[in-house]
Amino acid sequence: MPSIKVDIEAPVTRKSNAPQSSSKEKLHRHQLYGQSWQGALTIAIDQENLEMVELLVVMGVETKDSLLHAINVEFVEAVELLLEHEELIHKEGEPYSWQKVCINTAMFTPDLTPLILAAHRNNYEILKILLDRGATIPMPHDIKCGCDECIKKTDLDSLRHSLSRLNEYKALASPSLIALSSSDPLLTAFQLSWELRGLAFAEPECKSEYMDLRVQCQQFAVDLLHQSRSSQELAIILNHDPDSPPYEDGEHMKLARLELAIQYKQKKFVAHPNIQQLLAAIWYEGVPGFRRKSTTDKVMIIARVALLFPFYCMLYMFAPETKTGKLMRKPFMKFLIHASSYLFFLLLLILVSLRADDLFLEHFGSESMRAYVIEKYERQRGNPPTILEYAVLLYVV
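Heads up: the sequence shown begins at 1 in the numbering used here, then just goes up one per residue.
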């Protein structure tokens with residue numbers, strides 16, 4: 001039987017009828033290969049598998065918008081890892097990885113930056129990480145802005161421009177972002193709430209969204225009040241004024257921050273129980289325990305002040321530093337005295353209009369007094385002022 005020799009080192013050439021792969025097909029396979037790895041990275045983030053995320057990043061898988069996806073699912077550890085990786089591969093002047101994604105395949109719109117998305121999620125940890133690395137949100141242009149950039153964006157796609165502005169304000173209204181980035185969170189919440197109110201009327205198509213954000217800012221200011229544990233802390237908050245020295249316990253309360261809340265129409269803030277209790281304590285400071293007294297005791301206190309108001313006024317004019325004079329500066333006492341004085345003045349005017357002094361003399365006066373009244377009526381023109389008119393003049397003086 002003849003032997004067959006085979007040269008195992010000789011190259012084996014095979015003919016194949018299959019067509020050779022084109023460069024386009026190779027590129028397509030490469031894209032599919034990259035997309036499969038990209039999908040694996042997304043799945044690892046969804047499953048919060050940090051080891052797998054780290055392995056895929058080390059293997060050189062393109063992260064693309066994986067950072068945004070990690071922020072969206074609030075996977076803090078993956079966010080830190082992807083940020084460190086981005087710092088290593090990013091070159092100054094070039095777009096970031098999430099900005100290189102094709103707009104047709106991207107899961108997020110181009111206007112969403114990591115900081116804006118984290119603010120939408122209101123995630124305190126991720127926001128702090130991004131802010132510590134220098135991330136910022138530029139202030140949106142005024143809705144009436146006519147700069148070249150705004151005109152260009154409006155002409156290109158007005159809907160995208162409106163949604164971009166809405167996304168920016170949604171981020172700016174994030175309570176966590178305000179708390180982390182603002183030196184005066186209350187003032188920022190007030191101003192942003194007022195600005196959102198204007199935007200709601202300027203852009204009626206998005207009115208409900210802007211009004212919801214306004215309510216969110218108002219609620220954040222109210223939530224800050226919940227953190228006050230004593231009247232002293234509340235007084236410090238309400239009397240804060242950047243242009244004045246810090247409030248000290250026992251000083252006169254200017255309530256500058258409360259006036260600002262009224263100016264910006266912060267109804268929830270002003271109506272908060274803590275503020276109302278403090279205002280009630282200030283109002284009844286001159287009459288401690290007035291609200292807990294019986295109705296009879298309240299009427300007696302009011303009647304006493306009403307009857308003695310001329311004495312209190314004279315005492316305050318000539319001896320304002322006495323104990324009673326200082327009492328007249330208290331809000332409730334000032335109100336009672338002003339109200340009593342005003343009612344007394346109205347009573348005098350009513351009596352003058354009815355000629356009460358003449359009527360009194362006609363009914364209860366002597367014969368000579370009655371004759372005087374009759375003679376006065378006969379020469380109405382040029383009559384001198386009556387006693388009551390003199391009283392009105394004295395009161396006004």
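Note that the Cβ used here is the ideal one computed from N, Cα and C, for glycine as well. Predicted, not measured: the structure shown is a model, and the values here were computed from it.
From the beta carbon of residue i, is the nearest beta carbon of chain D less than 7 Å away?
{"i": "V73", "result": "Considering every chain present, this structure includes no chain D. It has just one protein chain."}
Taking just the CA atoms, how far does residue j sit from residue i?
{"i": "L343", "j": "L260", "result": "33 Å"}
{"i": "I236", "j": "D142", "result": "34 Å"}
{"i": "V58", "j": "P185", "result": "41 Å"}
{"i": "P204", "j": "R121", "result": "25 Å"}
{"i": "A306", "j": "S341", "result": "8 Å"}
{"i": "T386", "j": "R197", "result": "58 Å"}
{"i": "A280", "j": "L234", "result": "13 Å"}
{"i": "I89", "j": "L187", "result": "40 Å"}
{"i": "A118", "j": "N72", "result": "7 Å"}
{"i": "D249", "j": "R329", "result": "18 Å"}
{"i": "S202", "j": "C145", "result": "According to the sequence displayed, residue 202 carries Ala and not Ser. If you take the alpha carbons of A202 and C145, they lie about 12 Å apart."}
{"i": "A135", "j": "T324", "result": "60 Å"}
{"i": "P320", "j": "E251", "result": "18 Å"}
{"i": "S231", "j": "R257", "result": "15 Å"}
{"i": "L180", "j": "P138", "result": "16 Å"}
{"i": "R292", "j": "K298", "result": "9 Å"}
{"i": "C147", "j": "S162", "result": "15 Å"}
{"i": "M253", "j": "S158", "result": "49 Å"}
{"i": "Q35", "j": "H226", "result": "At Q35, the pLDDT of 47 sits below 50, so the modelled position is not reliable and the matter cannot be decided from this model."}
{"i": "G93", "j": "P140", "result": "23 Å"}
{"i": "I262", "j": "Y169", "result": "23 Å"}
{"i": "L327", "j": "S294", "result": "22 Å"}
{"i": "F311", "j": "S174", "result": "57 Å"}
{"i": "E77", "j": "L55", "result": "14 Å"}
{"i": "E125", "j": "T322", "result": "57 Å"}
With a Cβ-Cβ cutoff of 7 Å, do residue i and residue j count as a contact?
{"i": "S164", "j": "D111", "result": "yes"}
{"i": "L238", "j": "L224", "result": "no"}
{"i": "A391", "j": "L348", "result": "yes"}
{"i": "A70", "j": "V61", "result": "no"}
{"i": "W98", "j": "L67", "result": "yes"}
{"i": "A171", "j": "I116", "result": "yes"}
{"i": "A40", "j": "V53", "result": "no"}
{"i": "L177", "j": "L127", "result": "yes"}
{"i": "A189", "j": "F220", "result": "yes"}
{"i": "F75", "j": "E48", "result": "yes"}
{"i": "W283", "j": "F332", "result": "yes"}
{"i": "E443", "j": "L166", "result": "Residue 443 is absent from the model: the chain starts at 1 and stops at 397."}
{"i": "V101", "j": "D46", "result": "no"}
Cα-Cα, which of the options is closest to residue i?
{"i": "V352", "options": "L388, K323 and A319", "result": "L388"}
{"i": "P114", "options": "L166, A179, R133 and R197", "result": "R133"}
{"i": "F309", "options": "S162, A173 and Y395", "result": "Y395"}
{"i": "S193", "options": "G250, S228 and K265", "result": "K265"}
{"i": "I129", "options": "F332, N167, S294 and E84", "result": "E84"}
{"i": "R229", "options": "L278, D243, Q191 and P175", "result": "L278"}
{"i": "Q218", "options": "D243, G93 and Q191", "result": "Q191"}
{"i": "I275", "options": "S182, V222 and E87", "result": "V222"}
{"i": "R160", "options": "T296, C206, T42 and T63", "result": "C206"}
Three or more C-beta pairs under 8 Å: does that hold for the stretch 96-116 against the stretch 140-153?
no
So, do the stretch 334-342 and the stretch 295-306 have three or more beta carbon pairs nearer to each other than 8 Å?
yes
Are the stretch 305-325 and the stretch 262-275 in contact at 8 Å, needing three or more beta carbon pairs?
no
Cβ contact (3+ pairs, closer than 8 Å) linking the stretch 286-297 and the stretch 200-214:
no
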